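Asker: Residue numbers (mature numbering (1 follows the signal peptide of the UniProt record, and there is no 0)): -24 to -1, 1 to 951.
We put the beta carbon where it would ideally sit given N, CA and C, even for glycine.
Bear in mind that the values here come from a model prediction, so they are computed numbers and not experimental data.
Handing you a structure now.
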């Protein structure tokens, strides 16, 4: 009997402890004004009014603080028994909601001003919430540390600053303390030793960077702690002990140490020794090494485990096995994403039967999805994207009836997916799939298939669908985003797809073989973005209201840009029509697109002068009008756009003085300026280094510029592409170019928010760079009249990968230290007057794949070690008669013998006749096939003549430039 009484008493105590926190919250919530049965105490009312006097209340949220009964004031709670104020809830968010009846998260009426110590008169105050206010980085008032009855204190998100007062440790009755999201600092956590009753601590964003390795010993003191949040957003702890034998967090349920930089240390073993943990957060902690072993029975109560965004490595087989050994595993959310984990996903995954979220994306997992995944009947979210997984996708994945989000993209899948893979996915609303195995993954469903799900988001990339447009999309009435990119669709866009436009926000059908004309007008209600790049669409440019981003790059659209584009598409922010056959001039009405940020019209047949009315387009960041037939001067209003980052006008017929544009460009924002292949004249102004100090790409090639290359260019320290080729520059190469920092270290992230597309001449050929320009470090001064020696300082440009100084009048020796350019891939020094030997240091340039030293006065033996063993083409050394060694010089071609000539004269005349007849017949058939097609199909006709014009102009420019250089070189040699 005594034993039963003891058992009952222990059970009762356990229940009381379990419900203590809940009961206190109930007391706090029930002490609101509406439940008060007695009047408030005069002294306490006066204390509140004095407290109010120190506050700035611009939204008048405390306007109810009038009258005698303070227990009915907003945010004030009194004891129903004594009338004492026990609760003061001045949460800025909550006050706004209660005052306006608004439950929106945007509602915020912050208090600011000075916090009066009059609150000390509230002797029985146990609940104080000053969160979500604006106290302008004032320190936490010391008087708060004297409110010794407090059990709940929330000062979060109120812009408090300074050091956490150590006196806060005097609040021995505190159960709940939230100091998060302020600007507070603390050199240690010793003040926690006095908070012996604390159950909840949130110090997120408190700067603990000066805390020493004993911080855990300090936090260990309150044995009652249930939740510990030290999520610190880059300013946090830098140390954690690898072993800690006296850890006594016997009640700890939640541990959040995320966003601390633990200096590439491994996960400490003690973290996995807590038997009571239900939530463990260690994301963004710069942790390395493998996941520690878990002792049997530990972490069995764990519901959430987040180790994402670290540098963890190794396999996860033992880790999954330990988790699955719990007799009743509670794990619901597991996030190991953004690490360096390898190996197969183990079969034991299927034992985690309560799992709802599994995130393993952005690792290096291989193999296939284990068949045991069908046992995860509660799984709602499965993210496996961006790994190295391969093989076929199991049909069992179609049995996950609770699945809502599925992402399998960025792997190496093969095989065929059919209706069975989606059989029971009735709740699926987000689906992403791609394969890096060049269309080896095929989605093969019947034309009349009706999916069991209703998607809101679909993203299928680099997979093979049927050539016809997928008809099952017609049943998806809730779609807001569609991405079907590079899916081998060869069809017209069906009319029913446009009927879905009422709810679409994104439509991306790029890199397919879509044909036909686009509808001229559509009434989109919420569509934001349309991307139909790299297809075979034709006809005029459509005008679609409410579209903010429109990209139709590389199609066969023709005709002029509609004059009404600014009226019909006034919300446009991105317009990319590059690579079509648009003709006519750029309409002046385009200046009505005041929100436009990106304008790309390159590689069309646009002609005429550009209007000078760009001032209204103040948001423009990116302009690309290259590869057209535009002429006249470059408008000053275009050059002076204040936010412009990228201006590309190359391969046109612009004329005028270079300085007329340069003096207007916004030096504080411009990153790239490409004016190459035009007819600009003048010199490079000396103030360019000061005016364009932030520019990273400058191309002036193929113009009619002259004069010296100013040494002030060395002031553009961030430049990494400098192309001045095919002009008439003279003088020497400034030696200060060796100090250009952009060729030594460069941060490509500055291009993160703009399209990056440019043609560059590398290795003797023109290449099109699309979004890889940040990896190019080029310097090209070829085909000018430069003289003097090659500066030895150029060897300091350690990231330089292309250097072209050919077709100049450079003299002297190739610098001995040129071998320091270890990243150089292309070097062209041909057609100069260089002398001396080839430096032996060049043998160590292991990335060098293109070399041209021809037509100089070099002498001595050609190096034959290391990288020079790969240069077997003798033409790269010709024109240097004093060079010797491998490879051998080219020999003269032998003349045909008389015997061959006699044999040729004896050819059968009958065969000649048939040859001539075949040529004539082929010409006639070919002529009418080509000309007949052009006569019948207008779009083909436009495309042909546009292409012919481009080829003609391009050849004329090449011939003219090279003839001019040849004449100049002949004249120089005569002198």
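Going by alpha carbons, who is nearest to residue 100 out of 265, 54, 135, 630?
Answerer: When only C-alpha atoms are compared, the closest one is 54.
Asker: Do residue 1017 and residue 263 have their C-beta atoms closer together than 8 Å?
Answerer: One cannot answer for residue 1017 here, as it falls past the ends of the chain, which runs -24 to 951.
Asker: Go ahead and pull the three-state DSSP assignment for residue 276.
Answerer: Correct three-state label for residue 276: coil.
Asker: Would you call the CB atoms of residue 234 and residue 265 closer than 8 Å?
Answerer: Cβ distance not < 8 Å, so residue 234 and residue 265 don't count as in contact.
Asker: As a quick exercise: from 22, 58, 56, 57, pick the residue whose alpha carbon is nearest that of residue 41.
Answerer: For the residues 22, 58, 56, 57, the minimum Cα distance to residue 41 belongs to 22.
Asker: For a test of the three-state rule: what should DSSP assign to residue 637, helix, strand or coil?
Answerer: DSSP places residue 637 in helix when its eight states are reduced to three.
Asker: Return the CA-CA distance between residue 794 and residue 688, expressed in angstroms with no decimal places.
Answerer: Cα to Cα, the separation comes out at about 24 Å.
Asker: Whose C-beta lies closer than 6 Å to the C-beta of residue 825 among residues of the same chain, with five residues either side of it excluded?
Answerer: Hits under 6 Å: 801.
Asker: Report the option in 66, 371, 127 whose CA atom is closest to the CA atom of residue 396.
Answerer: Ranking 66, 371, 127 by Cα distance to residue 396 puts 371 first.
Asker: By a C-beta neighbour count over all protein chains shown, 10 Å radius and 16 as the cutoff for buried, is residue 207 buried or exposed?
Answerer: Classification for residue 207: buried.
Asker: What does DSSP give as the partner residue(s) for residue 161 in the beta ladder?
Answerer: DSSP lists 139, 183 as partners of residue 161.
Asker: Would you say the region 712 to 721 touches the region 734 to 743, given that touching needs at least three Cβ pairs under 8 Å?
Answerer: The region 712 to 721 is not in contact with the region 734 to 743.
Asker: At which residues does the beta strand (DSSP E) containing residue 655 begin and terminate?
Answerer: Where residue 655 is concerned, the enclosing beta strand (DSSP E) stretches over 655 to 658.
Asker: Going straight from the alpha carbon of residue 181 to that of residue 175, what length do you get?
Answerer: C-alpha separation (whole angstroms): 19 Å.
Asker: In the DSSP assignment, find the alpha helix (DSSP H) that holds residue 665 and state where it starts and stops.
Answerer: Where residue 665 is concerned, the enclosing alpha helix (DSSP H) stretches over 664 to 667.
Asker: Considering only DSSP beta bridges, list what residue 761 is partnered with.
Answerer: In DSSP, residue 761 forms a bridge with 706.
Asker: Using only CA atoms, which one of 559, 545, 555, 530 lies nearest to residue 536?
Answerer: Measuring from the Cα of residue 536, the nearest candidate turns out to be 559.
Asker: Verify whether the separation of the beta carbon atoms of residue 606 and residue 574 is less than 8 Å.
Answerer: Contact: no.
Asker: Is residue 735 helix, strand or coil by DSSP?
Answerer: Residue 735 falls in the strand class under three-state DSSP.
Asker: Can you tell me whether residue 249 is helix, strand or coil according to DSSP?
Answerer: Helix, per DSSP.
Asker: Among 133, 476, 422, 460, whose alpha-carbon lies nearest the alpha-carbon of residue 394?
Answerer: Residue 422 is the option with its Cα nearest to residue 394.
Asker: Taking DSSP as the reference, what is the three-state secondary structure of residue 347?
Answerer: Looking at residue 347 - three-state DSSP - the assignment turns out to be helix.
Asker: With residue 393 as the anchor, note down where its beta strand (DSSP E) starts and where it stops.
Answerer: First-last of the beta strand (DSSP E) with residue 393: 391 to 393.
Asker: Whose CA, out of 705, 684, 669, lies closest to the CA of residue 692?
Answerer: Minimum Cα distance to residue 692 is reached at 669.
Asker: If you count every other CB in all the chains shown that lies within 10 Å of the CB of residue 696, and 16 or more means buried, which is it?
Answerer: Label assigned to residue 696: buried.
Asker: Going by beta-carbon coordinates alone, are residue 764 and residue 787 separated by less than 8 Å?
Answerer: It is a contact, given that the beta carbons lie within the stated cut-off.
Asker: Helix, strand or coil: how does DSSP classify residue 995 here?
Answerer: No answer is possible for residue 995: the residues shown for the chain start at -24 and end at 951.
Asker: Using only alpha-carbon positions, find the residue among 325, 163, 462 that is nearest to residue 184.
Answerer: Comparing Cα-Cα distances from residue 184 to each of 325, 163, 462, the minimum goes to 163.
Asker: Kindly indicate which three-state DSSP category residue 722 falls into: helix, strand or coil?
Answerer: Looking at residue 722 - three-state DSSP - the assignment turns out to be coil, as it is neither helix nor strand.
Asker: Buried or exposed: where does residue 501 fall if 16 or more other Cβ atoms within 10 Å of its Cβ makes it buried?
Answerer: When all chains shown are included, residue 501 counts as exposed.
Asker: Alpha carbon to alpha carbon, what distance is there between residue 647 and residue 723?
Answerer: Answer to the nearest angstrom: the Cα atoms are 12 Å apart.
Asker: Does residue 313 pass the burial test, meaning 16 or more other C-beta atoms within 10 Å, or should it be called exposed?
Answerer: Looking at its Cβ environment, which holds 16 or more other Cβ atoms inside 10 Å, residue 313 is buried.
Asker: Pop quiz: residue 760 and residue 705 are said to be a contact at Cβ under 8 Å. What is the actual Cβ separation, rounded to whole angstroms?
Answerer: Contact flag correct, Cβ pair sits at about 4 Å.
Asker: Run through DSSP, which three-state label would residue 813 get?
Answerer: Reduced to three states, the DSSP call for residue 813 is coil.
Asker: By Cβ distance, which residues of its chain are closer than 7 Å to residue 126, with the 5 residues on each side in sequence left out?
Answerer: So the list reads 101, 102, 104, 147, 149, 150, once near-sequence residues are dropped.
Asker: Using the beta-carbon count (16 or more within 10 Å), is residue 529 buried or exposed?
Answerer: Buried, by the Cβ-count rule.
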